[in-house]
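Asker: Residue numbering for the sequence shown follows our numbering, beginning at 9 and increasing consecutively.
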Amino acid sequence: MSSTRKQSEASTKGVKLPSNLQKIKSGYRFRKSIPADVRHIIKQTEFIRALGKDYRQAVLECAKLEAEVAQMIEAARKKLEVGSTSEQFLKNGKHKVLPGDSPNLSGHAAALFLSGLDADLNKRRTGQLDEAEFADLSQTFDSMLQKANFAIASGNVSAYPQVIHQLLYLQGYDVQATAEQWQTIAYDFVLAAKPGIEALVQRQAGNLLQPDISEFSEKDPGPAWLLDISTRRKPVATAESSPATLSSVVPHYEKHLANYGRKTQTTRLSWWQGLTDFCKDAALSEVTSNDIYNFFESRLDAAEKGWSMKYCNQVRREFKVVFFLAKTKNLCINNPAADVLAMPKIPDIDENNRKKPRFPFTIGQLNNLYASEWYNPDSESFKGKMKWDLSARYWIPLICLYHGLRVREATQIRVSDIVPGEHPLLRIQTEEGSKKDGDSESALPVRRVKNEASKRDVPIHPVLLELGFMGMVSEAKSRGATSPCFPSALPDRDSKHPIWGRAYEQSFLRYVRDKLNFGNGYGNHSFRHTLEDCLRNIQLDDVWPAGLGQFYSGRALPGDRDMDLFRVVGSERHYGTGYIATRVVQYVARIQYDGLKLPKPYKEWLDGKPSVAGNLIVILNRDWGSKWK
């Protein structure tokens, strides 16, 4: 230790010490003089502290003390300024006039009265009350409570205008009110002050009550001289303090959207960028409801990719949120989006043409799909992941048809999401016990579901079991205990915004829309609509238990047109974990599609071919190592 200290001391010879750091016999010390103008407030002429013998540590401590003492001096000067200002303010008699109809006037006075409760409690805590004063306070508080009760009961508040005037006058205010105004002010003041008086009476009996005075504290603007100081300190507008513009909100908005999926983030940010470009990045304070109306009108009138009225209303709701966010961040005062009370219109025929409907598959279309190249394991029409992952091409359309899964829910299924047993279960989730995807331990991209209602345990449909679903799971499990059932769903390792199942989603959409010529409105989500139609038809014969239909398909509530078919649940749906999955089997088995021609059972369909090509396994091992399985 001594040799280390000697080396440290030797290395500091000839080095210029920081200001206020001194070398003394015992090591180092910090020494700073206190300016004369604030010595009577700080009650010190200088600040001294020993810092030990280690030079490096002393330099660090010196920097900290420099900042602390500077703050102390600044605080003292502010206190000095306020004190001198208050004395000068009251001495000059420049009291701020408060008319009798000023808002919150009685609340302002009550806040000043109730603020004395803290001082009273401090005197008791520090033992500053002597016996004589304690006895006097008992008599005083009892009298105050008696007068307050009489004033409230009788309406005779003549004793209080003078009290209120004095409280506010000492704060630099001069109340000028009519007799009628004083009656109202004084009566409201007594109502507000009474809980404080009752607390004082109780404290005399040993019950240290502290009433909630936050409501009135907010109504106290502070002494008039502080308002005068803030007015004088108001900065002059300069080029550096130019007003916030529409683009100024973007960093705050990006942070606000951080927990949303990538698609939601980019879509909503593009809306705001569109408004920014339309208004030429105007100052937030200059944007009006008319500007926003004109923006939507321009989107409705756009020659290419014109918006629908429904879409415009969706965007308007989000603009209201963004402007409220800007308002919360003190970037603007008004919310022009909230002031848009009417929206531009287009003819109904144009509105219908611009909507992007999602249609359910017909039985004929499903039969075409299951008999098409998509279900030909020997097809050369597919490339890359969709060529190499036959398990995804076979199972995902079937899972979505019988379970109504959203495409992301289906593609991100892992072996550990399947619970074996007499009635095997499918667990729609985003985590494995305490370990979540996206953690450093997992290293896999985060799995997402639309909302909490999407998380559910449901029995695997009997038709899928008959086709060999558990055989596929067993094969996937041989790759690893948490292996994805459909390896092609893993995104590329170097993807900036990795999303599970993107390759499958895009390939299937193009296939049904273009190759099978189903057209727009058909895709992965069509399976979900097909299942919803099936559930709806089942209810005509046998209404399911309340909430079961929503639970099975992962919806929070039934749609408007289904309210008369499904039994609706109330707030009880927020408690517990939902239905016991094994008891749902008898209902799930009723989900059938008359006339549907299914593909061959999985093992027979593969006809000896590998469900996942070695090429894909090699790529995943190269990109993810052993962590992907």
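A virtual CB, placed ideally from N, CA and C, is assigned to each residue, including glycine.
Give the DSSP bridge partners of residue 388, in chain order.
Answerer: In DSSP, residue 388 forms no bridge with anything.
Asker: What's the gap between the Cα of residue 532 and the Cα of residue 336?
Answerer: 40 Å
Asker: Is there at least one Cβ from chain C nearer than 9 Å to residue 431's Cβ?
Answerer: Here there is only one protein chain, and chain C is not present.
Asker: Reducing DSSP to helix, strand and coil, say where residue 331 ends up.
Answerer: helix
Asker: When the Cα of residue 195 is compared with those of 185, 80, 177 and 164, which residue comes out closest?
Answerer: 164
Asker: Can you give me the C-alpha to C-alpha distance between residue 411 and residue 112, rounded to a whole angstrom?
Answerer: 60 Å
Asker: To the nearest angstrom, how far is the alpha carbon of residue 193 from that of residue 136?
Answerer: Whole-angstrom Cα-Cα distance: 34 Å.
Asker: Compute the Euclidean distance between the alpha carbons of residue 515 and residue 394, then round it to the nearest angstrom.
Answerer: 8 Å
Asker: In terms of alpha-carbon separation, which member of 80, 116 and 321 lies closest to residue 359?
Answerer: Nearest option by C-alpha distance: 321.
Asker: Can you look up residue 60 in the DSSP assignment and give me helix, strand or coil?
Answerer: strand
Asker: Find the nearest neighbour of residue 146 within the set 206, 314 and 106, judged by alpha-carbon distance.
Answerer: The candidate whose alpha carbon is nearest that of residue 146 is 206.
Asker: Should residue 421 go down as buried or exposed, given a rule of 16 or more other Cβ atoms within 10 Å for buried?
Answerer: buried
Asker: Kindly identify the DSSP beta-bridge partner or partners of residue 41.
Answerer: 54
Asker: List the whole-angstrom C-beta distance separating residue 436 from residue 464, where the pair is believed to meet the contact cut-off of C-beta under 8 Å.
Answerer: 5 Å
Asker: With distances taken from CA atoms, which of 35, 56 and 469 is nearest residue 64?
Answerer: 35
Asker: Should the stretch 146–155 be called in touch with the stretch 77–84, which here means at least 3 C-beta pairs below 8 Å?
Answerer: no
Asker: Look at the alpha carbon of residue 365 and the alpha carbon of residue 118, and state the distance between them as a whole number of angstroms.
Answerer: 60 Å
Asker: On the CB-based measure, 16 or more other CB atoms within 10 Å of its CB, does residue 343 come out buried or exposed?
Answerer: buried
Asker: Beta-carbon separation of residue 257 and residue 216 under 9 Å?
Answerer: no
Asker: Is the CB-CB distance between residue 179 and residue 108 below 9 Å?
Answerer: no
Asker: Considering only the alpha carbon of each residue, which of 72, 127 and 400 lies closest to residue 418?
Answerer: 400
Asker: If you measure between the beta carbons of residue 523 and residue 430, is that distance less than 9 Å?
Answerer: no
Asker: Give me the residue from 297, 330 and 311 with the minimum Cα distance to residue 278.
Answerer: The shortest Cα separation from residue 278 among 297, 330 and 311 belongs to 330.
Asker: Who are the Cβ neighbours of residue 518 in its own chain at under 7 Å, not counting the five residues just before and after it?
Answerer: Closer than 7 Å at Cβ, skipping near neighbours: no residue.
Asker: Can at least three beta-carbon pairs, one atom from the stretch 466–475 and one from the stretch 366–385, be found at a separation below 8 Å?
Answerer: no
Asker: Could you check how far apart the C-beta atoms of residue 373 and residue 526 are, in whole angstroms? I think they sit under 8 Å.
Answerer: 6 Å
Asker: In this structure, what does DSSP give as the bridge partners for residue 433?
Answerer: 427 and 467
Asker: Could you give the C-beta distance for residue 37 and residue 56, rounded to a whole number, given that I count them as a contact under 8 Å?
Answerer: 6 Å
Asker: Determine the direct distance from the alpha carbon of residue 275 to that of residue 404, and round the result to whole angstroms.
Answerer: Straight-line Cα distance between these residues: approximately 27 Å.
Asker: Along the alpha helix (DSSP H) that carries residue 171, what are the first and last residues, could you check?
Answerer: 168–177
Asker: Rounding to the nearest angstrom, what Cα-Cα distance links residue 434 and residue 474 in this structure?
Answerer: 15 Å
Asker: If you compare alpha carbons, which of 114, 534 and 509 is closest to residue 455?
Answerer: 509
Asker: Considering only the beta carbon of each residue, do residue 182 and residue 105 sit closer than 9 Å?
Answerer: Yes, the pair counts as a contact, with Cβ atoms nearer than the cut-off.
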